[in-house]
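The sequence shown begins at 1067 in the numbering used here and counts up by one. Backbone N, C-alpha and C fix where the C-beta goes; we use that ideal spot for every residue, glycine too. Computed from a predicted model, the values in this text were never measured in an experiment.
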Amino acid sequence: MLFSIVFILICLQRLGELMVARSNERYQKRQGAIEAGQGHYPLMVIMHTLFLCSLLFEYLWLKPPLSPLWPYLLIAFITLQFARVWAIQSLGRFWNTKIIILPGAKLVKQGPYKWMPHPNYAIVALEIAIIPLIFQAYFTAIIFTFLNYGMMLIRIPIEEEALSQYSNHPSNEPDKISS
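Okay, structure coming up:
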């Protein structure tokens, strides 16, 4: 029962996020935004879709009991959902699943972005590990943690490059060290 509830809620959440992302993309592009990293985006969508499929199939095939740590893992997952919403709301109309940059826009430095440049990626990485662990779907947890890590090795440099090229990214600031 818990698996069904969590799985359905995650699927609904992701679909809702895709709708918000599409709306934000249209808004930003009307403002003159450009998209970077289009080549890897379909692979990222496939990876996240396969994550959900793998979780479902592993759970249905093995029918494992809940992890003995499931209450703690569930609390961690719920906490991550609040952090996820906080990260998304902090970016407002700039949040997207794609890398969309509005030239000249200032980087958001509020919410979790005050402390780290890519909090949503950290949240997603933790979710990819924690969700399967609740249900002892170890194959899914391990494989997709590594796949997500590989995707971030591709995506974050592309995003950083686009931000440095089109925004007030710290890499654009003059060196503050005097000789």
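| field | Contact set for S1120: own chain, Cβ-Cβ below 6 angstroms, skip 5 residues either direction | value | If we look at S1120 and ignore the five residues flanking it on each side, its Cβ neighbours are T1206.
| query | Taking the alpha-carbon positions, what's the Y1179 to I1071 distance? | reply | Cα-Cα distance, rounded: 31 angstroms.
| Three-state secondary structure (DSSP) at A1171? | Under the three-state reduction of DSSP, A1171 is assigned to coil, being neither helix nor strand.
| field | Segment limits, alpha helix (DSSP H) that includes A1228 | value | Unbroken alpha helix (DSSP H) run through A1228: 1204-1232.
| query | So, is M1085 buried or exposed, given that buried needs 16 or more other C-beta atoms within 10 angstroms? | reply | M1085 should be labelled exposed.
| Reference T1163; option with closest CA among P1131, G1170, I1141, L1109 | Ranking the options by Cα distance to T1163, first place goes to L1109.
| Does DSSP classify A1099 as helix, strand or coil? | Three-state DSSP puts A1099 in coil, outside helix and strand.
| Would M1217 be called buried (16 or more neighbouring beta carbons within 10 Å of its own) or exposed? | When all chains shown are included, M1217 counts as buried.
| task | Starting from the Cα of H1114, find the closest Cα among E1226, A1228, I1209, L1229 and give me that residue. | result | The shortest CA-to-CA distance from H1114 to any of E1226, A1228, I1209, L1229 is the one to I1209.
| query | Is the stretch 1164-1184 touching the stretch 1090-1107, taking contact as three or more C-beta pairs under 8 angstroms? | reply | They touch, by the three-pair rule.
| Paired residues, beta bridge with I1166 - DSSP | Per DSSP, E1101.
| said: Please state the DSSP three-state secondary structure of S1133. | reply: Note: S1133 maps to coil in three-state DSSP.
| task | For S1245, name the three-state secondary structure that DSSP assigns. | result | Summary for S1245: the model assigns pLDDT 32, below 50, so the residue's position carries little reliability; its value from the coordinates is reported in the next sentence. Here S1245 sits in coil by DSSP.
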